[in-house]
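Here is the structure we will look at.
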Amino acid sequence: MSFLSPTMTPRSAVLFLLVVTLIFSAAIAQTPSDPESTLKRAIELQQAGDCAKAIPLYREYLKIHPSSPSVISNLGAALAHEGRYSEAIAEYTRSLAVQPGNPQALANLGLAYYKTGQILRAREDLQAALGLMPGNQQVTFLVADCDIRLGDYKAAVAILEPLQKTLADDQAFDYLLGTALLRDNQMDKGSILIDRILRHGESAEARLLLGTAKLDVHDYLAAREDFEKAVTLNPKLPEAHAYLGLALARVSDVEKATAQFRAELALDPNNFLATFELGVLAAKEQRAAEARKLFERSLILRPGDAAVRYQLAALDLADGQVDKARIALEAIVKESPDFTAAHVNLATVYYRLQRKEDGDRERAIVRKLNAASQAAEPGVNPSGVIKRDVPEK
Numbered sequence: 002m003s004f005l006s007p008t009m010t011p012r013s014a015v016l017f018l019l020v021v022t023l024i025f026s027a028a029i030a031q032t033p034s035d036p037e038s039t040l041k042r043a044i045e046l047q048q049a050g051d052c053a054k055a056i057p058l059y060r061e062y063l064k065i066h067p068s069s070p071s072v073i074s075n076l077g078a079a080l081a082h083e084g085r086y087s088e089a090i091a092e093y094t095r096s097l098a099v100q101p102g103n104p105q106a107l108a109n110l111g112l113a114y115y116k117t118g119q120i121l122r123a124r125e126d127l128q129a130a131l132g133l134m135p136g137n138q139q140v141t142f143l144v145a146d147c148d149i150r151l152g153d154y155k156a157a158v159a160i161l162e163p164l165q166k167t168l169a170d171d172q173a174f175d176y177l178l179g180t181a182l183l184r185d186n187q188m189d190k191g192s193i194l195i196d197r198i199l200r201h202g203e204s205a206e207a208r209l210l211l212g213t214a215k216l217d218v219h220d221y222l223a224a225r226e227d228f229e230k231a232v233t234l235n236p237k238l239p240e241a242h243a244y245l246g247l248a249l250a251r252v253s254d255v256e257k258a259t260a261q262f263r264a265e266l267a268l269d270p271n272n273f274l275a276t277f278e279l280g281v282l283a284a285k286e287q288r289a290a291e292a293r294k295l296f297e298r299s300l301i302l303r304p305g306d307a308a309v310r311y312q313l314a315a316l317d318l319a320d321g322q323v324d325k326a327r328i329a330l331e332a333i334v335k336e337s338p339d340f341t342a343a344h345v346n347l348a349t350v351y352y353r354l355q356r357k358e359d360g361d362r363e364r365a366i367v368r369k370l371n372a373a374s375q376a377a378e379p380g381v382n383p384s385g386v387i388k389r390d391v392p393e394k
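Quick note, this note's numbering runs 1 ahead of the 1-based positions in the sequence shown.
Structure below.
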């Protein structure tokens, strides 16, 4: 059968054949290339560090083979490499839906959550991955770091201490365990690790740990000197600016403290200590709206943290939302019975609500706690809480 009409002029026939040729050429050009060649090229690009070009090729392959867990994970890794963590999380989640319990996918998913500051969720996935590949050093360190960031220092110590023999004199390990020990107030054990780090010479990490130890005994001026040296030696050392800010805040140098907290957040927008302490400073200066925003952000970074919830309850109390403050404070003292400042504010709340008997009970608890501890400030655990007098009836 001929497509050419007998009535066509020679010129029309030539034009018709040209159009047909172009149509078929376009169709050939639009025919998908061999999927395996596409995948091979994507892997080559990713291995060469050109993840930006690998991403569309992985997506092209997955249009044809949408249920390949390894390729989905590769795409997630390429996206993470480019800093596109939300998209990476979606791909790792899809990979695990196809192949549940894959330890590497779980570890990568946890790392992506870690990079976006979702530390609680990161720890959950990383712990699951570690259960499937026990002994993995990188994942172990990440789980411990999550514990430290969440303020669960005992958990970090528990996971790291058994590794001391196998990782003796590993500076990264010594620093991580030393941090957990000092923040858990295990000063003797932490000092041993500081000495081990110092054997390798002056370092920002050693200075940060030394400053932490001094902060714990309220030697704020000496702590400030160590933190300043840490920042000088390594301006990008995680938490160095935040702890320098904390020492400065404790000696009432608010302007410099604020600058250090902001410097920390410029390096790590998800730093809990800097976020929280900026909120404390804002609250003290009666910038309630700014303080609330910072405390709410802090609660995202460290869900359930009693010190943050206390600060929010204090804002509610100052704002006249007495019953809302009561509910929060009652929950806090139930979970943390030694939280003196929370008992102080709860007594105030009860007196405002004309609940004298409950207020008197809280006053008695405050007196008992003050007599036992002489101070409510919990060492290096940042709370912004200072010793308070027992409120009047």
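For every residue, glycine included, the Cβ atom is placed at its ideal position computed from N, Cα and C.
Beta carbon of residue i nearer than 8 angstroms to that of residue j
i: residue 81; j: residue 89; result: yes
i: residue 275; j: residue 243; result: yes
i: residue 118; j: residue 271; result: yes
i: residue 344; j: residue 366; result: yes
i: residue 198; j: residue 175; result: yes
i: residue 359; j: residue 351; result: yes
i: residue 250; j: residue 278; result: yes
i: residue 108; j: residue 145; result: no
i: residue 179; j: residue 160; result: no
i: residue 204; j: residue 234; result: yes
i: residue 1; j: residue 300; result: It is not possible to answer for residue 1, since the shown part of the chain is limited to 2 through 394.
i: residue 255; j: residue 282; result: yes
i: residue 53; j: residue 43; result: no
i: residue 121; j: residue 140; result: no
Exposed unless 16 or more other CB atoms sit within 10 angstroms - verdict on residue i
i: residue 167; result: exposed
i: residue 48; result: exposed
i: residue 252; result: exposed
i: residue 35; result: exposed
i: residue 130; result: buried
i: residue 98; result: exposed
i: residue 369; result: exposed
i: residue 77; result: buried
i: residue 297; result: exposed
i: residue 150; result: buried
i: residue 102; result: exposed
i: residue 374; result: exposed
i: residue 193; result: exposed
i: residue 216; result: buried
i: residue 26; result: Only weak support is given to the placement of residue 26: the predicted model assigns it a pLDDT of 43, under 50, and the question is left unresolved by the model.
i: residue 87; result: exposed
i: residue 261; result: buried
i: residue 372; result: exposed
Span of the alpha helix (DSSP H) around residue i
i: residue 262; result: 255-268
i: residue 223; result: 221-234
i: residue 103; result: It is not in any alpha helix (DSSP H) - residue 103 carries neither H nor E in the DSSP assignment.
i: residue 164; result: That residue, residue 164, is in no alpha helix (DSSP H); it is neither H nor E in DSSP.
i: residue 175; result: 172-184
i: residue 327; result: 323-336
i: residue 38; result: 36-48
i: residue 344; result: 341-353
i: residue 312; result: 307-319
i: residue 206; result: 205-217
i: residue 369; result: 357-374
i: residue 169; result: From DSSP, residue 169 is part of no alpha helix (DSSP H); its letter is neither H nor E.
i: residue 188; result: 188-199
i: residue 70; result: 70-82
i: residue 92; result: 86-99
i: residue 148; result: 138-150
i: residue 57; result: 52-65
i: residue 132; result: 120-133
i: residue 279; result: 273-285
i: residue 246; result: 241-251
i: residue 237; result: Residue 237 -> no alpha helix (DSSP H), and no H or E assigned at all.
Member of the options whose CA lies at the smallest distance from the CA of residue i
i: residue 224; options: 237, 209, 307; result: 209
i: residue 57; options: 79, 71, 37; result: 79
i: residue 123; options: 111, 133, 141; result: 111
i: residue 137; options: 158, 157, 104, 118; result: 104
i: residue 218; options: 231, 183, 119, 139; result: 183
i: residue 1; options: 169, 364, 53, 115; result: The chain is shown from 2 up to 394; residue 1 falls before or after that span and cannot be answered.
i: residue 213; options: 278, 240, 324; result: 240
i: residue 236; options: 222, 295, 267; result: 267
i: residue 100; options: 69, 195, 312; result: 69
i: residue 64; options: 37, 87, 51; result: 37
i: residue 75; options: 86, 87, 59; result: 59
i: residue 95; options: 201, 161, 67, 61; result: 67
i: residue 354; options: 321, 280, 371, 341; result: 321
i: residue 317; options: 173, 306, 301, 284; result: 284
i: residue 177; options: 106, 188, 156, 142; result: 142
i: residue 190; options: 325, 200, 162, 311; result: 162
i: residue 93; options: 85, 106, 342, 84; result: 106
CB contact below 8 angstroms: residue i versus chain B
i: residue 160; result: The displayed structure is made up of one protein chain only, and chain B is not part of it.
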